[in-house]
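Remarks on the structure that follows.
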Amino acid sequence: MNTKLKISALVFITALGISFAYANHHAVKTQENAALGTYLTDTEGKTLYWFTKDVTGKSECNGPCLKNWPVFYRETVAPPAGVKADDFATITRGDGQKQTAFRGYPLYYFAGDKAAGQATGQGVKNVWYVINPGNFPPK
């Protein structure tokens, strides 16, 4: 194999790997839990939450709240099976920061979740919950 061909092949393989990593970074997935059912996570399996005090397109978690409930943001989202891509959107928060929303509601992490698969934020103060895409938003 000549040198140009080897370099071209290496560039192609590297670009392909970066493309897969980039696409995976933007994926939202679902996870199953016996107690919680199906819920949304990021690509690493970290649970995503919603805040019942939020309204469509607007976050009510500001200032000190964000220390425990960090914003989830991806410029684009690759949705899990059975969920439409247009269920995800970007909102601009009052502080100017961008945040990903699911069906209009801003998404958050919980600082208390230390590992993938944890959902220790579920039910905190009766206002923080995981998101089951099959029945969200709740009626």
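Just so you know, the sequence shown maps onto residues 1 to 139 in our numbering. Note that CB positions come from ideal geometry on N, CA and C, so glycine has one too.
About 14 Å separates the CB atoms of P80 and T47; that is not less than 8 Å, and the two are not in contact. Between the alpha carbons of P106 and R74 lies a gap of roughly 12 Å.
Here the C-alpha atom of T120 lies approximately 9 Å from the C-alpha atom of K114.
Annotation: N33 is outside any alpha helix (DSSP H); the continuous beta strand (DSSP E) that includes it extends over V28 to N33. Between T52 and the set F110, D42, A89 and G123, the nearest pair of CA atoms involves G123. Within the region 70–110, the complete beta strand (DSSP E) segments of 3 residues or longer fall at 88–92 and 98–102, listed in chain order. Just so you know, the alpha carbons of T92 and K58 end up roughly 8 Å apart.
The distance from the Cβ of G104 to that of T43 is about 22 Å, inconsistent with a contact at the 8 Å cut-off. As far as DSSP is concerned, G123 takes part in no beta bridge. If you draw a 10 Å sphere on the C-beta of D86, you find fewer than 16 other C-beta atoms in it, and that means exposed. Taking the Cα of H26 as reference, the smallest distance to any Cα among A78, W50, N126 and I131 is reached at A78.
The distance from the Cβ of G94 to that of N135 is about 29 Å, inconsistent with a contact at the 8 Å cut-off.
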